[in-house]
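Chemist: One structure coming up, written as structure tokens, with questions to follow.
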Amino acid sequence: MLQFIDKTALNYANIFGYQDDLKLVGKQFNYLAAMVYAGYFFGQYPCGVLIGRYSAQKVLGICCLLWGLMVLILTQCHTFSSALAVRFIMGIFEAAVTPGLTLMTGFWYKRSEIPLRQCIWYSSLGWGGIVGSYISMGITKLAPNTQPARWEILFFILGGATMIWSFVIYFLLPDVPSNARFFNHREKLVAVHRVAGNDTGIKNKHFDRKQAVVAFWDPKAILLFISVFAAAIPNGVVNSFSTIIIKDMGFTNTRTTELKSVGDAVQIVALLIGGTVTLNVRNSRLCTATFFNVLCTIAAACMAFLPRSETWARLACFWLVNAQSVGFTVSLVTISSNMGGYTHRAMANAFVFTAYCWGNFAGPFVVKPSQAPKYTSATIGLL
């Protein structure tokens, strides 16, 4: 949740005059929004090596502390170049989070339990969006000339909360059952034994070259790469420009942040429905992902072709686009539960998150401010 709020904080800062204060022109804001995913991409390999060699609990805690620090440093960045550099570094530290949690889910839960659990923790993105919206709503009550600036106050709150939470992760989050302090020896054995039937392997520090080659040519990994890349483009639009798009429909700053939270609630509900279906209906994962992807496509098409006067209908369609998270989550579930061998899963994870980074990096560039309020190219990107 904190990761999502931090990396999409520009979305909220935008309504507090962030672009004007930094004197951003042209596509500079698009680059700022996308740069965190460039860092995410370059951080995949080193973070993957660290998670494989050391305790994921410690790696995640340290990375969480450092990216929270980057959010605080953003308050001191009043030029495009400095903010761009900090956003890139922040992405590097964030690269450890979702891949690490995906692997950890496979260590803790049985194959049949993974889909719903993964959807539950991934729904924290929606909760993060809601929390971020209401924090922003509170900040809108401050006077526009408040010092420090309202967007700086936002970054202080988010960065400080992330740094505090990093200590909870470092000291309390066990990456595998054998490291759980709240289990005795017998309970640790039981926890390991119950997931032995997954045939997915438990964490080890040995890099299996044969498994790496298999992962590279695995049809499942290739198809997941393509589908995640396609789904990540609209994700990049929604995460970085939702407040701008909603505001240009004719709403005030306060109303915009409130209405954005509805889209985040749609994301939570969609993920819980998707996770419940995949848990209770056999062999339904890809069908569930396809259903929600089709729903998002229809919603984006309606948003594109409905008249501008149909404000609420277009807004409802924009909310439904948030359901695209189900497809990405199902991809993570497929890796956690359908691929055997630690190295195989780690490599497949890297492929999927490479696609995720590229798609999210491309997403912000389909939004052209000159096309406001209709944003034709953004709608095409959503489709």
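Numbering (this note's numbering), first residue to last: 1 to 383. Note that the Cβ used here is the ideal one computed from N, Cα and C, for glycine as well.
Please report how far the alpha carbon of M249 lies from the alpha carbon of A9, in whole angstroms.
Modeler: Looking up residue 249 in the sequence shown gives position 249. Looking up residue 9 in the sequence shown gives position 9. When rounded, the distance between both Cα atoms is 21 Å.
Chemist: Please report the residue range of the alpha helix (DSSP H) in which S123 lies.
Modeler: In the sequence shown, counting from the first residue as 1, residue 123 sits at position 123. Careful: S123 lies outside any alpha helix (DSSP H) and carries neither H nor E.
Chemist: Alpha carbons only, please: which of M137, A149, I89, Y109 is nearest the one belonging to E258?
Modeler: For this step, residue 258 is matched to residue 258 along the sequence shown. It is M137.
Chemist: For C63, name the three-state secondary structure that DSSP assigns.
Modeler: Here residue 63 refers to the residue found at position 63 when the sequence shown is read from its first residue. If DSSP states are grouped into helix, strand and coil, C63 belongs with the helices.
Chemist: In whole angstroms, give me the CA-to-CA distance for G327 and S112.
Modeler: What you label residue 327 is simply residue 327 of the sequence shown in a count that begins at 1. What you label residue 112 is simply residue 112 of the sequence shown in a count that begins at 1. About 18 Å.
Chemist: Would you kindly work out how many angstroms separate the C-alpha atoms of N360 and A299, rounded to a whole number?
Modeler: On the sequence shown, residue 360 is found 360 positions in, with the first residue counted as 1. On the sequence shown, residue 299 is found 299 positions in, with the first residue counted as 1. When rounded, the distance between both Cα atoms is 20 Å.
Chemist: Along the chain, which unbroken stretches of the alpha helix (DSSP H) at least 4 residues long are found entirely within the region 237 to 299?
Modeler: You should have 253 to 280.
Chemist: When the Cβ atoms of the region 230 to 245 are set against those of the region 23 to 35, are three or more pairs found closer than 8 Å?
Modeler: Cβ pair count under 8 Å is three or more, so yes.
Chemist: Could you say which of F156, C64, V321, M104 lies nearest to A301 if we only look at CA atoms?
Modeler: In the sequence shown, the residue the question calls residue 301 occupies position 301. Nearest C-alpha to A301: V321.
Chemist: Mark I92 as exposed unless 16 or more other C-beta atoms lie within 10 angstroms of its C-beta, in which case mark it buried.
Modeler: Counted from its first residue, the sequence shown places residue 92 at position 92. I92 is buried by the Cβ-count criterion.
Chemist: State the Cα-Cα distance for the pair A215 and T297, rounded to the nearest angstrom.
Modeler: Sequence index remark: in the sequence shown, residue 215 carries index 215 (1-based). Sequence index remark: in the sequence shown, residue 297 carries index 297 (1-based). Taking the straight line joining both Cα atoms gives about 30 Å.
Chemist: Excluding five sequence neighbours on each side, which residues of the same chain lie with their C-beta closer than 7 Å to the C-beta of N14?
Modeler: Looking up residue 14 in the sequence shown gives position 14. Same-chain partners within the cutoff: T243, I244.
Chemist: Please report how far the alpha carbon of P177 lies from the alpha carbon of N283, in whole angstroms.
Modeler: Within the sequence shown, the letter at position 177 stands for residue 177. Within the sequence shown, the letter at position 283 stands for residue 283. Cα to Cα, the separation comes out at about 28 Å.
Chemist: Applying the criterion that 16 or more other CB atoms from any shown protein chain within 10 Å of the CB defines a buried residue, is N349 buried or exposed?
Modeler: Residue 349 sits at position 349 when you count from the first residue of the sequence shown. It counts as buried.
Chemist: Can you round the beta-carbon distance between A212 and A355 to whole angstroms, since I take them to be within the 8 Å contact cut?
Modeler: If you number the sequence shown from 1, residue 212 lands on position 212. If you number the sequence shown from 1, residue 355 lands on position 355. No, A212 and A355 are not in contact; Cβ-Cβ is about 18 Å, not under 8 Å.
Chemist: Quick one: using the 10 Å Cβ neighbour count with 16 as the cut-off for buried, is P174 buried or exposed?
Modeler: Counted from its first residue, the sequence shown places residue 174 at position 174. With 16 or more Cβ atoms within 10 Å of its Cβ, P174 is classed as buried.
Chemist: Taking 8 Å as the cut-off, does the region 263 to 280 touch the region 305 to 324 (at least 3 CB pairs, one atom from each stretch)?
Modeler: Flag = yes, the region 305 to 324 and the region 263 to 280 touch.
Chemist: Out of curiosity, what's the CA-to-CA distance linking L332 and M347?
Modeler: The residue you call residue 332 lines up with position 332 of the sequence shown. The residue you call residue 347 lines up with position 347 of the sequence shown. The alpha-carbon atoms of L332 and M347 are separated by roughly 12 Å.
Chemist: Would you kindly check if the distance between the Cβ of D21 and the Cβ of W151 is under 9 Å?
Modeler: By one-based count along the sequence shown, residue 151 stands at place 151. By one-based count along the sequence shown, residue 21 stands at place 21. Cβ atoms of W151 and D21: closer than 9 Å.
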